[in-house]
Every structure is written in C-alpha cells, then in structure tokens.
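In the order they appear, the protein sequences are chains A and B.
Using our numbering, the first residue of the first sequence is number 27, and each one after it goes up by one.
Using our numbering, the first residue of the second sequence is number 27, and each one after it goes up by one.
Right, one structure below, let's go through it.
There are 2 protein chains.
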Amino acid sequence: MPAEIRTAEILAVGSELLTPHRLDTNSLYLTGRLNELGVQVLAKAAVRDRRPMLREWVRLALSRADLVVTTGGLGPTDDDVTREAVADALGLPLRDDDGILESIRARFRSRGLEMPAINLRQARVIEGATVLANPRGTAPGQWIETGDRVIVLLPGPPRELQPMFEEQVAPRLARRTPPAPLRRRVIKITGRSESHVDEVAQPIYATLGDADVTVETSILASPGLIEIHLEGRGVDPRQIDDLLAAGVERLTAALAPYVFSDDGRALEMVVGDALRAHGWRIAVAESCTAGLVLGRLTDVPGSSAWVVGGVVAYANEVKVQQLGVPAALLQEHGAVSEPVAQAMASGVRERLGADVGLAITGIAGPDGGSPEKPIGTVVIALSGPREIVKTLRFAGDRQMVRTQSVAAALDMVRRAAVSRG
Amino acid sequence: MPAEIRTAEILAVGSELLTPHRLDTNSLYLTGRLNELGVQVLAKAAVRDRRPMLREWVRLALSRADLVVTTGGLGPTDDDVTREAVADALGLPLRDDDGILESIRARFRSRGLEMPAINLRQARVIEGATVLANPRGTAPGQWIETGDRVIVLLPGPPRELQPMFEEQVAPRLARRTPPAPLRRRVIKITGRSESHVDEVAQPIYATLGDADVTVETSILASPGLIEIHLEGRGVDPRQIDDLLAAGVERLTAALAPYVFSDDGRALEMVVGDALRAHGWRIAVAESCTAGLVLGRLTDVPGSSAWVVGGVVAYANEVKVQQLGVPAALLQEHGAVSEPVAQAMASGVRERLGADVGLAITGIAGPDGGSPEKPIGTVVIALSGPREIVKTLRFAGDRQMVRTQSVAAALDMVRRAAVSRG
C-alpha cells in the first residue's frame, strides 16, 4: 500500500498572477477540499511561467510535501510550460497522447472549426501519468505518482478545475489520505487586545489535544475583532469534535465576557438574535461613526424586525434638534462626554419609539483632539433595558477608531441583552 | 555602489493564510509598488509560521531574487516567528532594541495600560538591521542588506504595512532600482457595467503607446466601481506621463459623465471636494442603505465641514415622524417609490437645515421583492440645488445591492454639484 498523503503544496503558474491585479482564488477552493480530505496545506505560491524556474519550484515542493498540486499553464500557447517543467523536474519524457488529440480535435469540430496546430501541445503527457479528462475545456489534467509522492496538474479556469478535482482527483486522493479528518472551531472576541487574549489563552492551548487528537491554534486580529482558530486532527471525527468543544468551553470561560461567538456568527448577527429573542427594537444615534453602526446592524437579512432606524448627529445642532440633547449640556460638557452620550441614547430611543437606544460620540481624528480628550476618545451609551455609559480610548487612525467604536457599541448591546437573558 | 535591485519575491507568513478563508492581499499592493519602482516580482508565496520551514523558504528566496519582502509574523505571540526565521536563514543573532521597547511601552501607556511581557519579543532586531518604525502598531519592520541582496520584514496589517512601505521602504529601494520607470494612471468610473466600459475603451486602448513607450491596460470591476489602469513603461518619465495623460483624456471624453476621478480620489472625496467648493452642507435620509452613505461621506477627514448628519429611516414610522413624509404618500405609493424618496430628501434637508438633501429607499433583499418592485429596486432623490429623482435596478445579493446604491447616491450628488460648477 502506498504511503499516506498528509501534506500538500499548491503551485499556481502564470505571470498574470504576479501583477497587482490578480489573486489566485483557486487555492482557497483547493485548500478547503484538501482539508476536508485530511490534508494540510503547508504553503502555496504563485510563480511566473518560466520553464527552468518552474522546474526548480516543482522539485522543491516535491521535496517538502506529500502532494503537489499545480494550477494553470496547461494551455496551448508558448507561455504554457507546466507540462514541460514538471517533466523536467521528474526527469521523465513527454509523449503524445492520441486519445487526447482526438478529443481536442472533436471539440473544435463540434464548433465547426479546424484545430489550430498549437493545440497539439495540449496532447503531451508525462510518461506514466494518468490523464484527467477535461470535458469543459481543451487542457486535460494529469495525475503522476513519483515514489511515495503525487503531483497533480490542473487547468487554471475554476470552472474546469473544480469539476476535475471533484470527479477525478478527490476520489483518487481519498484512497491515499489518512482517515484523519481535520475539524475547525472559531472563537470570536471583542474588547481585548491581541496580546491580552493571547496571554490568557496560551496556558489553555497547552492543555488541548491528547494522544489521539492533535490541535493547532492560531490567533487573528483586526480592529475590534480577535479570532482564535482551533484545528483538530485525529482519526475519529466525534472524538475531535468533543475535544475541540472542550477547548472552546475552556477558552470561553477564561475569556468571558469578551467572547461573543463560537459558531461562526458575526457580532451584528449575535446582537440581532439577542434583540429578537427579547422582542426589543433598537434605535441608534451616531456621531463619530456616522451611520456605520446602523450599516452593520442592517447587514443581517431580516433586520427590519429589530432595527427601527436612527439619527446621524454629526453636527451639534442635529443633536439638539433631532435628539433633544439640551444645548446647555453640550455647552457645559462638550459633544464628546458621558452626559451628552446618555442624552443622545435616551433621545433616540424616545423619539423613534424604540426599546433600546444606543449612542456614540467621539473623536476619530485626524483633527479635533485635545489634551483632556485626545483622538480616539469615544463615549458609548445605552438606554432602555439598562442605563449604561462608558468612555473608551482607541488607538489608530480615523478608520481604526471608527471600526473599533462600531464593535464596542454593538458589544454593549450584546452584553445588555445577554445579561438580561 | 551596491548592485541594482531588479527582481523580488514576496513571502506572506501565517498559518491563517493557508486556510480556505484568507487571501494575502498585501502582495497585490506590494507588487504594484515594486513594479512602479521597476522591480519585477518573480514569485510570491504564503507559508505556515513554522520556524525551520520558514528559514528554508527565506534562504531559497534570497538565492533567487535580489529583494525578498516578508509580511506578517512580527506580532508578540509564539506563532510570530519571522524575526527568528530570518535571523536563522542569515546566520545572524537577534538583539533587544531599547528604543523599540520604549516606544511599545509608550503606546500601551497612552491607553492607560501596562505592556504585557510577551510584547518584549517585538523589540528583537536582527544584527545589522535598520529598524523601520511603526507609529500605527507595535511591530516595527526591519531592512537588512546581505551581500548584494536585501530582505525587508513588514508587519501584516495593511494599515501598518502600506505607510511603512511608502515612507521608509520605497525611498530606500529607489536608490537601488534601475532608472526604467513604470508609471500608472487610474480612471475611476461608476454607473456603467464592466462590459459597457470595455466596449467603449477597447478601440482607444489600441491607440495608446508609441515607439518609445509601451502601455498596458487593465480593467477592474467591483460593485459600483470600475477602474481602468494604464501602465506605461519607457525610458523618459516625462514622455511616459505625457502619453498616459493623452490616453486618460481620450478615455475620459469617451466615458463622460461616468468618470468621476483620474487622480486617485475615491468617490466620497470627489463629492466632499465638490460640496466644499460650493459651500453646501448635506443631510442624508437612508432606508435600505441604513447609514452606509453617511458612513462613506464621513470617511473623509474634515467632513464635518460639509456633512450635517441624517436620519436612518428603516421603519416607516421614522419616515413619517422624523422626516415628515406624509403617511398617505407611503400608503398610496409604498416606501420604495419616487414620491416617498423625494419627500425624504426634502424632509431631511429642511429638518436638519442643510443645503442638499439626499434620500435612498429600496429593496436590498433577500426578502421584500414583488413583481412590480423586484429585489434590487432602489429609488434615489436629491433636493436643494436641483430636484432629481431616479429609480434604479441593481443585480446581486443584499450586500451588492447596498454597495451599488451607495455609489449611485454619492454619484447623484457629484453630478448635481459638478454641473452647477
């Protein structure tokens, strides 16, 4: 029985992938399918279509991974050199395949065309390769076993690559992959920095996994959101799931109340579900975020059931006239202050007839800071089920301050809704 | 004088880049900027954050390219191993940098926090490296010359990476790159489909370029925005610039009035500049976009000079009570109708005391469509300098409909402001 395939590298071929305008999206599809088959992707690369350089990349990839998947470079033109470069790397000759030639000819014929001479190239097959038929295009794929390793050549267009993988590559791989599925859980956190989360999580990471299941963790940070990814690998899917669930529980307990989701839901979905569960409808008064909180709340289909609307009070006179914030309060405390935020929250709740009022006022920069209220100072207030107000300080530029403010405001609603659950 | 830098490889570090969910978008930005500096990108790769494996990748990349740029893996946690792996590959030790340590401490202090011990790692510098300061985050970059070659370590977050490249890497590279410049112009268009734009532009592409300058064109489409990129290559920068300017002029003439920018400005900036030029202040009433128009208008620093604020009228009662839309109008025509949009636009303008009132109401889906008003039906109205109302029909899912609606609404303001110029 041939050796198991546990690791892979993906090699996307084509100079157009090395321009500022094109991303290799095939690798996302392939990574997802390989993971489902229990294969971990060690690395992926996009390489220019130069034969000697590509030969070297193929040789190195085969020295590192059990499986190498190339995409692209199987067309009929001069810059389609994948077949040749892989043959070079393996030290194997290419032969003309009459079956392929006939099917390419037939393809042209069916459209009333003569096959151009350059398409002859596409009938070239590496010695010993299994041909992977391509009913959706002219370029067939190839499956080559070399020692314990496998290299698969796939065409570049996703509409050709994906069915070829499903129908011809996945079944072959399934016979060579360990019965060791890879399962994944994601914990989403807001209101803490990456390093704070990591400090709490590190000791728990060490307790994950056992003799049968290995768990890999990674942490991902973006403004207002930290994600912990747990990847479990083993033999029994039920066992992996149980172990990951225990890990999620331990991490969630240690990081509560900052964890808002462990089932893939985004923060605005968690907030929407909590509001709907209570039968509460929300209205929002926004100054520095100027509509972005409402924009995110209404990203969720069906959100008209829990979102009434709101007022974007960018100018102070809007705070007074549309929200009923007393001018004296603005005068005395300034627009970015707890009393004003509270008046905005109760004002928007009452005037729009909502159950929950949420307000945000702050200094996003780059101008408007002062020694007492530097850029990044943001006040968030909630009115209705409870009266809450908080002053926060965010780092970063205008966009980061705004993004973090939106997350903090949504999270205030979540906490108020959940704690009343 | 050190050898010229003509080729590069980009190495994105992080296991999260080897999942089915994340693409490395930094490489597009870096490729664009490197090309402008005359550097060709030979290959790019995403690699897991395992120190021995990463060391090997760095070593190989340095054997193939004049310049290696790594992104990511400079954070404070255990899986941030880029510093260590590059030091291994170069056979150089790491030292602690007091200056970096102090600036990270100060960053935490400014937010009233103690620096966690794990952030100490971020102060580690490879011997002989030039430290690239990072005012937008805790992870500094590093520039290391090794023989004729250069390796640059950049942080992963684009908002930290991009300014670091502009301010600290590009000027250093410019001293080492060949004087064969690549110049680029971008024309931004809204309100037309990609195929419409392409049909008009194709015959003009053929007229670009001459014996001394080659021009490459590409077209990029996203919801509500089409960009035409012109890349000119030659010997004399002035000659390239003149040729590109003539091309921009010809394309703009053929595509007017859909072209809103040829100088890099985003639509919200063009709108802001036009409003400011007139001394007009704007208020917005949003239903289906629920704050996203105001969110984009206020992305621009200083926008409080031309944005008053607005009302998000998601529920019908908000349209009546906060905007003064007659209930009878809603009853007779429905919320997504031209008379209601006009009433919202004039209502928000009058009630908020603005010069320009803008209103949007529509059906973003996935629910709420009907045979007469299918999903994607959006009505936009403007009140003030002129009274305009338009019914549009957008394709795509909820998010695409909303994004296209925002662009169309902003563009209605642009056209009204420009035509009164």
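We put the beta carbon where it would ideally sit given N, CA and C, even for glycine.
Quick caveat, the model's predicted, so the values are computed rather than measured.
query = Are there 16 or more other CB atoms within 10 angstroms of the CB of Gly447 (chain B), so buried, or fewer, so exposed?
reply = In this prediction, Gly447 (chain B) scores a pLDDT of 40, lower than 50, which makes its location untrustworthy; no coordinate-derived value is stated.
query = Within 8 Å (strictly less), CB to CB, does Asn15 (chain A) reach chain B?
reply = Here chain A has residues from 27 to 447 only, and residue 15 (chain A) is not among them.
request  = Please classify Ile401 (chain B): does DSSP put it in a helix, a strand, or coil?
outcome  = coil
key: Residues bridged to Thr164 (chain A) (per DSSP)   = The partner list for Thr164 (chain A) (beta bridge, DSSP) is empty, contrary to what the question assumes.
ask   = Who are the Cβ neighbours of Leu43 (chain B) in its own chain at under 7 Å, not counting the five residues just before and after it?
value = Asp50, Ala72
key: In DSSP terms, what Thr172 (chain B) is bridged to   = B:Arg175
key: Unbroken stretches of the beta strand (DSSP E), 3 residues or longer, contained in the region 111-167 of chain A   = 120-122, 150-152, 156-158
query = To which residues of the same chain is Tyr340 (chain B) closer than 8 Å at the C-beta, ignoring the five residues directly before and after it?
reply = Ser313, Ala316
request  = For the region 195-241 of chain A, list the alpha helix (DSSP H) runs that are entirely contained and at least 4 residues long, ordered along the chain.
outcome  = 196-200, 220-231
request  = Please name the residue in A:Pro142, A:Gly40, A:Gly422 whose C-alpha comes closest to that of Leu180 (chain A).
outcome  = A:Gly40
ask   = List, in order along the chain, the chain A residues whose C-beta lies closer than 8 Å to that of Arg133 (chain B)?
value = Ala421
request  = Run down chain B in chain order and give the residues with a C-beta less than 8 Å from the C-beta of His255 (chain A).
outcome  = Glu42, Thr45
ask   = Do you know how far the Cα of Asp104 (chain B) is from the Cα of Val439 (chain B)?
value = 50 Å
inquiry  = I want to see whether chain B comes within less than 8 Å of Arg81 (chain A), judged by CB atoms only; does it?
reply    = Not one chain B Cβ lies under 8 Å of Arg81 (chain A).
message = With distance defined between alpha-carbon atoms, name the residue in A:Asp267, A:Leu234, A:Pro283, A:Ser409 nearest to Val310 (chain A).
response = A:Ser409
request  = Excluding the 5 residues preceding and the 5 following Pro102 (chain A) in the sequence, name in chain order all residues of the same chain whose CB lies nearer than 6 Å to its CB.
outcome  = If we look at Pro102 (chain A) and ignore the five residues flanking it on each side, its Cβ neighbours are Ile144, Asn145, Arg147, Gln148.
ask   = Which of the three DSSP states, helix, strand or coil, is assigned to Arg446 (chain A)?
value = Low local confidence applies: a pLDDT of 47 at Arg446 (chain A) is under 50, so the model's placement there is unreliable, with the coordinate-based value given in what follows. It is coil, neither helix nor strand.
ask   = How is Arg48 (chain A) classed by DSSP in three states: helix, strand or coil?
value = coil
query = Skipping 5 residues on each side, what residues in its chain have a beta carbon closer than 6 Å to that of Arg276 (chain A)?
reply = Ile230
message = Any C-beta of chain A within less than 8 Å: which residues of the region 96-128 of chain B qualify?
response = Of all residues in the region 96-128 of chain B, only Gly101, Pro102, Thr103, Asp104, Asp105 come within less than 8 Å of chain A when Cβ atoms are compared, listed by chain position.
request  = Kindly list, in the order they appear in chain A, the residues whose Cβ is closer than 8 Å to that of Asn145 (chain B).
outcome  = Ser221
request  = Please go through the same chain and pick out, in chain order, the residues whose beta-carbon is closer than 7 Å to the beta-carbon of Ala421 (chain A), but skip the five residues on each side of it.
outcome  = Gly402
message = Leu37 (chain B) and Ile91 (chain B) - do their beta-carbons sit closer together than 8 Å?
response = Reading the sequence as shown, one finds Ala at residue 91 (chain B) and not Ile. No.
key: Given Pro119 (chain B) as reference, the closest of B:Ser287, B:Val67, B:Arg109, B:Leu127 once Cα atoms are compared   = Answer by Cα proximity: B:Arg109.
ask   = Does any CB atom of chain A fall closer than 8 Å to the CB of Glu30 (chain B)?
value = Not an interface residue.
Span separating the alpha-carbon of Pro352 (chain A) from that of Val404 (chain A) = 20 Å
query = Exposed or buried, which one is Ser219 (chain B) when buried takes at least 16 other CB atoms within 10 Å?
reply = exposed
query = Can you list, in chain order, the residues of the region 261-287 of chain B whose Cβ is nearer than 9 Å to any Cβ on chain A?
reply = none
ask   = Which residue comes first and which comes last in the beta strand (DSSP E) that contains Ala282 (chain B)?
value = That residue, Ala282 (chain B), is in no beta strand (DSSP E); it is neither H nor E in DSSP.
key: Residue environment, Ala69 (chain B), which counts as buried when at least 16 other CB atoms sit within 10 Å   = buried
key: Rounded C-alpha distance that separates Ile31 (chain B) from Ala280 (chain A)   = 50 Å
inquiry  = Does the structure place the region 366-374 of chain A close enough to the region 290-304 of chain A that three or more beta carbon pairs sit under 8 Å?
reply    = no
inquiry  = Along the chain, where does the beta strand (DSSP E) containing Arg259 (chain B) start, and where does it finish?
reply    = 251-259
query = Along chain C, which residues have their Cβ under 8 Å away from the Cβ of Asn160 (chain A)?
reply = The displayed structure is made up of protein chains A and B, and chain C is not among them.
Length of the line joining the Cα atoms of Arg10 (chain A) and Asp325 (chain B) = Shown here, chain A extends from 27 to 447; a query on residue 10 (chain A) therefore has no answer.
inquiry  = Whole angstroms are fine: how far does the CA of Gly235 (chain A) sit from the CA of Arg133 (chain B)?
reply    = Each residue's Cα considered, the two are about 36 Å apart.
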